[in-house]
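Residue 1 is where the sequence shown starts when you use our numbering, and the numbers rise one by one after that. Where is the CB? At the ideal position from N, CA and C, for every residue including glycine. It should be emphasised that the depicted structure is a prediction, and the values quoted were computed from it without experimental measurement.
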Amino acid sequence: MAKGNSLPNENIPIEEVFQELKCSRDGLTSDEGAKRLQIFGANKLEEKKESKFLKFLGFMWNPLSWVMELAAIMAIVLANGGGKPPDYPDFIGIVVLLFINSTISFIEENNAGNAAAALMAGLAPKTKVLRDGKWSEQDASILVPGDLISVKLGDIIPADARLLEGDPLKIDQSALTGESLAVTKHPGDEVFSGSTCKQGEIEAVVIATGVHTFFGKAAHLVDSTNNVGTSN
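Rendered as structure tokens:
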């Protein structure tokens, strides 16, 4: 079982899922859970801490900003010849445009970051998991692929998982997919970390955690897009 490997394909029968994840309907032992935690990492997304001031300055260090900065310097240096005074109006105008452009870009990226942070804040802090043959409430961060979890009305799905036998669930995954109405999930279907159970109760086997979940990959994509936007 390779690190980061998950089974998102809902066509794979549940019994094959157990085989691929090397687990059973009895859940994992604490020792096995600890070993897998070393392989897959904690079931959480690390929020990057960075200086907003340095982030703002980053928007002044890209090709477009370089052109504007060069034009501002030329307005002072080249115009200051033949006894003529520096062209302050042009210089000030260019600098103002530079700050406006950087401010707009900073606000757009900051808003995107706030939206991602809000989603991360909605991830499940606790979950009911089967370890050592006993059900108990644990921190969701300890979950690993192969764990068995219990999902009921009002629960936030703590990790990507495949549903086992039981009644269908109503799942609100609007924060992830934009779907306005709750969707019905049947045994064998996949549920995503960060979505909310609106109806039903069922057990499920975890297939992906942390950065390897649907939400984790989406958050990474947003972060990568923001980084590209900052560097351009």
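Residue range of the beta strand (DSSP E) that includes residue i
i	result
P127	The amino acid at residue 127 is misidentified as Pro; the sequence shows Thr. 126-131 is the extent of the beta strand (DSSP E) around T127.
A204	201-208
V239	No information on residue 239 is available, as it lies outside the stretch 1 to 232 that the chain covers here.
T184	183-185
L28	Where L28 is concerned, there is no enclosing beta strand (DSSP E), given that its DSSP letter is neither H nor E.
D172	169-172
Spatially closest choice to residue i from the options, by CA coordinates
i	options	result
P145	N11, G41, E15	G41
D90	S102, M74, K52	M74
Q38	F215, E190, K217, G210	G210
S150	G27, F53, T184, L176	G27
S30	E165, G133, Y88, K52	G133
A204	L169, E32, V77	L169
T241	I171, L21, T103	Limits of the chain in this structure are 1 at one end and 232 at the other, which puts residue 241 out of reach.
S193	A208, A182, S180, R36	A208
A175	L78, E16, S195, F18	S195
H55	T103, E20, K198, N11	The residue asked about is misnamed: residue 55 is Lys in this sequence, not His. Answer by Cα proximity: T103.
K198	E20, F18, L181	L181
Per-residue burial, residue i [other beta carbons within 10 Å of its own, 16 or more giving buried]
i	result
L70	exposed
A161	buried
P125	exposed
L143	buried
I107	exposed
A34	exposed
H212	buried
D155	buried
R25	exposed
I100	exposed
L57	exposed
E46	exposed
G178	exposed
L148	buried
Q173	buried
E109	buried
F53	exposed
L21	buried
V77	exposed
Contact set for residue i: own chain, Cβ-Cβ below 6 angstroms, skip 5 residues either direction
i	result
E201	K152
S105	F59
C23	G146
A72	F91, I94, V95
F88	Contrary to the premise, residue 88 reads as Tyr rather than Phe in this sequence. Answer for Y88: no residue qualifies.
R36	V144
Nonlocal neighbours in the same chain, by C-beta distance under 7 angstroms from residue i, ignoring five residues either side
i	result
D167	G200, I202
G216	L45, G210
L164	I14, P187, I202, E203, A204, V205
Residues near residue i in its chain [Cβ-Cβ closer than 8 angstroms; skip 5 each side]
i	result
L98	M60, S65, M68, E69, A72
A140	N43, K44, L123, A124, P125, K126, T127, P158, A159
S136	K128, V129
R131	G27, L28, T29, S30, G33, Q138, D147
First through last residue of the alpha helix (DSSP H) which encompasses residue i
i	result
L21	14-21
message: Threshold first: 3 residues or longer. Then list the beta strand (DSSP E) segments lying entirely within the region 130-161, N to C.
response: Listed in chain order, the complete beta strand (DSSP E) runs (minimum 3 residues) inside the region 130-161 are 134-139, 148-152.
- request: Scan the region 33-108 and note each continuous beta strand (DSSP E) run of 3 residues or more that stays entirely inside, going in chain order.
  value: With a minimum length of 3 residues, no continuous beta strand (DSSP E) run stays inside the region 33-108.
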